[in-house]
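Residue numbers (the working numbering), protein chains in the order written: chain Y, 1 to 207; chain E, 1001 to 1207.
Positions of the beta carbon are idealized from the N, C-alpha and C atoms, including for glycine.
Below you'll find the structure, written out as structure tokens, and then a few comments.
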DNA sequence: GTCTATAATTCGATAGAC
DNA sequence: GTCTATCGAATTATAGAC
């Protein structure tokens, strides 16, 4: 039997351990940031000793890089699903709203990995950031294309630069991880819709 | 003659050195972040040896805390000036636009200190963040009051929570420090106005 | 594969000469 | 007030037993 065809709960132990380490690292990185996340704490969360990590990874930065990369992938997947559900015939305005709701929901509910990316990317070493430049640029470009598409179909204003507004929008959404708490009185769907509505439709006048 | 009454260029040397250290620290903190900013580099920028810093400050965190505090003060002052120039009779909408332009301009042109605060606050030790909680909360509250005022006079929509939108707006503005370069082809006044217009009036429709 | 022990490095902080 | 020299703590990374 080919090992790659084993059922999920029968995957090689080494593979599962590696996954467990990445999950532990995402947890610690999201809560502490890059510099304050020690291998001792990551290992503790993964129920191991720090030295044992080196059987599975070459360095701390190798772990961090993979966590951040997975974080970008998760966010991209969540947005793709939402856009796919919205359909190609939706307006640029409607597709942008859907993407905002999907991303805000994803970073607050689903993924330690995406939270780790948001919190740690700027703080991480230059080599790590360079290695992630391609997927991150592609992530940003996705938002740029979304906005440009709305500008072409007339559902979004075209007197602003899509590249700048995309970065602004991403930063505004990312700020949610700084104050959102799962046990608060706000439900995330309401917050996500408030965000989407405000960023897309603005603050002017009464709704 | 009372030392406190000396002309600016005659202030005690110790006072000037302290100021030089803070300026050097703001520079390094804004460029490298909290963890990567070493006392050796801060001292080098201030043209001193690392050990000499301890004659003027008790610890690295004491330096960082003062830099971040000054950063908050600078931002507050820039916004106050702009609001004062706009006048009390301006609408909430107009005052919010003026504040956004003033803040975006300030963080891109004026102040290493404010940039250091934006980049380092979340990364800095818990004690530092606690010590700065009051001025920072007051900074956020200023934006909340600005938005609430616009909601009362009807120039801003009132179906969103001012506290949440204020945080979102601050995060969006802060993101400018991540990509703005003084030598680029964009002029900051245009970017600041694009920001203000998009955040306040939104992305919908054609302008 | 995981553990224990420790090497190697970095950095904040201190002591004492000048 | 500043310098040189060094301590001490923390942390990444390695070595070798099991």
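If you ignore the 5 residues before and after residue 1041 of chain E, its C-beta comes within less than 7 Å of the C-beta of 1028, all in its own chain and listed in chain order.
Taking 8 Å as the CB threshold, residue 1167 of chain E lines the interface with chain Y. Take residue 1165 of chain E, set aside five residues on each side of it, and the residues of its chain with a beta-carbon closer than 8 Å to its own are 1147, in chain order.
Below the 7 Å Cβ cutoff, chain Y contributes no neighbours of residue 1143 of chain E, its closest Cβ being approximately 12 Å away. At least one CB atom of chain Y sits nearer than 8 Å to the CB of residue 1194 of chain E. The Cβ of residue 182 of chain Y sits no closer than 8 Å to any Cβ of chain E. Neighbours of residue 1172 of chain E across chain Y, judged by C-beta separation under 7 Å: 168, 171 and 172. Beta-bridge partners of residue 204 of chain Y (DSSP): E/1156.
For residue 199 of chain Y, same chain residues with a beta-carbon under 7 Å away, outside a window of 5 residues either side, are 100, 169 and 172 in chain order. DSSP, read as helix, strand or coil, puts residue 56 of chain Y in helix. Within chain E, the residues placing a beta-carbon under 8 Å from that of residue 201 of chain Y are 1202, 1203 and 1204, ordered along the chain. In the three-state reduction of the DSSP assignment, residue 1049 of chain E falls in the coil class, being assigned neither a helical nor a strand state.
Put simply, the backbone Cα of residue 115 of chain Y is about 42 Å away from that of residue 1015 of chain E. The DSSP-derived three-state label of residue 1096 of chain E is helix.
Residues 1067, 1112, 1113 and 1116 of the same chain have their beta carbon placed closer than 6 Å to that of residue 1026 of chain E, with the five preceding and five following residues left out of the count. Apart from the 5 residues on each side of it in sequence, residue 1107 of chain E sits with its Cβ closer than 8 Å to the Cβ of 1075, 1114, 1115, 1118, 1173, 1174, 1176 and 1177 in its chain, given in chain order.
At least one CB of chain Y lies nearer than 8 Å to the CB of residue 1123 of chain E. With contact defined as three or more Cβ pairs closer than 8 Å, the region 1185 to 1201 of chain E and the region 143 to 162 of chain Y are in contact.
With fewer than 16 other beta carbons inside 10 angstroms of its own, residue 154 of chain Y counts as exposed. Per DSSP, reduced to three states, the secondary structure at residue 1035 of chain E is coil, with no helix or strand assignment. Using a Cβ-Cβ cut-off of 8 Å, residue 198 of chain Y counts as an interface residue toward chain E, since at least one Cβ of chain E sits closer than that to its own.
In the DSSP assignment, residue 1108 of chain E falls outside any alpha helix (DSSP H) and carries neither an H nor an E. Residue 166 of chain Y: member of the alpha helix (DSSP H) spanning 162 to 174, first to last residue. Residue burial is scored here from C-beta neighbours: residue 1038 of chain E has fewer than 16 other C-beta atoms within 10 angstroms and is therefore classed as exposed. Taking the Cα positions, residue 127 of chain Y is about 43 Å away from residue 204 of chain Y. Scanning E/1048, E/1059, E/1018 and E/1077 for the CA closest to the CA of residue 1142 of chain E turns up E/1077.
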